[in-house]
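Residue numbers (the UniProt record's numbering): 1 to 391.
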């Protein structure tokens, strides 16, 4: 990797952590405050859904905005939106305002992440470098998923909720400080980017459509694990500490594999990694309901974290290879909309399905679907066709 690319990548990861940690901190603190003030679990569920719902609604517009303006203007807008929304909760820490903050912080992450992912894809010079840079970028959310809630929790215990909200609101401007010297890459104005049709036309391309299906299946597995492991642990009589440790081991494993992926990028093919992850996930989901001890559940959680944590860099690398360069922002927007839509809908679906077929049935059904979908990944080992003109 070129020295200039490494420097820019460090700045981009730092900016990503600042914006994402703002959202993850609020996502932990706001529901906690709502519960302490006596709001119902249903109200808290609505509050949590707003963090993802904002990203579903704004994903495609954010992709087009990044295409037109590159990296820096979306980050400026994201920083302003997140900071203003956070400061509103500092001034008026009430449930309705917390809902507004959930929307603004989710919208800011959507704007910033799509612009960053598009920019990173344009920095890479070949397929190997694509895998490397996206492996490094994938470490950022893992860090912010820990950092945001950790800092918010410390300040809540030390100085109260307003202090935690203030810190979260001050993180997004740091993101702009990180990216201010990174060269901008807006879409060129030329005959190569004629008037576009709907972004949904991208789904007419079979490789892109298959990639979105695989990504959605694997993202659903994250939701299944996060949602159902506490339920399964409760059925097994495990303590809250043990259940938290099992989920924490999953997150640590996902982070660990992403730290290793940049060095393995030149030796791996995207289809091999995604296919192996899908088959492994199917097998691990088949075993989960059969395990009754905490240490075995922890082992399965670690293995699942290693499998699922390896996927995102490969998905992002493939996406940038199979879509036209001037439509990367739209493609990333479609991906973001699918992933966040899954996070809104799937927990409700899993809860209803769990009542009908039980927790074990949900694990086995999702595992079967992921295993069946792995054949799409093995097809990716064939030479990648040039991107089709979809405009």
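Cβ coordinates follow ideal geometry from the N, Cα and C atoms, glycine included.
Membership of residue 162 in the alpha helix (DSSP H) is indicated by the continuous run 161-179. The three-state secondary structure of residue 138, taken from DSSP, is coil. Taking 8 Å as the cut-off, the beta carbon of residue 362 is found closer than this to the beta carbon of residue 224.
Comparing alpha carbon positions, the residue from 65, 88 and 252 closest to residue 119 is 65. Inter-segment contact for the stretch 168-179 and the stretch 5-20 is present: three or more beta-carbon pairs are separated by less than 8 Å. With fewer than 16 other CB atoms across the displayed protein chains lying within 10 angstroms of its CB, residue 206 is exposed. Minimum Cα-Cα distance from residue 379 among the listed residues 147, 211, 201 and 242 corresponds to 211.
Looking from the CA of residue 369, the closest CA among 291, 242, 305 and 285 belongs to 285. Taking C-beta atoms under 8 Å as the contact rule, residue 5 and residue 142 fail to qualify, at a distance of about 21 Å. Taking a contact as a CB-CB distance under 8 Å, the pair residue 26 and residue 138 does not count as one, their CB atoms being some 22 Å apart. Annotation: residue 253 to residue 168 spans about 26 Å, alpha carbon to alpha carbon. With a cutoff of 8 Å on beta-carbon distance, residue 34 and residue 165 are scored as not near each other.
Rounded to the nearest angstrom, the gap between the Cα atoms of residue 150 and residue 95 is 22 Å. In the structure shown, residue 129 adopts helical secondary structure according to DSSP, grouped into three states. By the neighbour-count criterion, in which a residue is buried when 16 or more other Cβ atoms sit within 10 angstroms of its Cβ, residue 267 is exposed.
Put simply, the backbone Cα of residue 148 is about 30 Å away from that of residue 237. Shown here, residue 92 sits in coil according to DSSP, grouped into three states, outside any helix or strand.
Minimum Cα-Cα distance from residue 19 among the listed residues 299, 321, 38 and 77 corresponds to 77. By the CB criterion at 8 Å, residue 273 and residue 301 fall outside the cutoff.
When the beta-carbon positions are compared, residue 203 and residue 323 stay at least 8 Å from each other. Taking all protein chains in view, the Cβ of residue 292 is surrounded by fewer than 16 other Cβ atoms within 10 Å, so the residue is classified as exposed.
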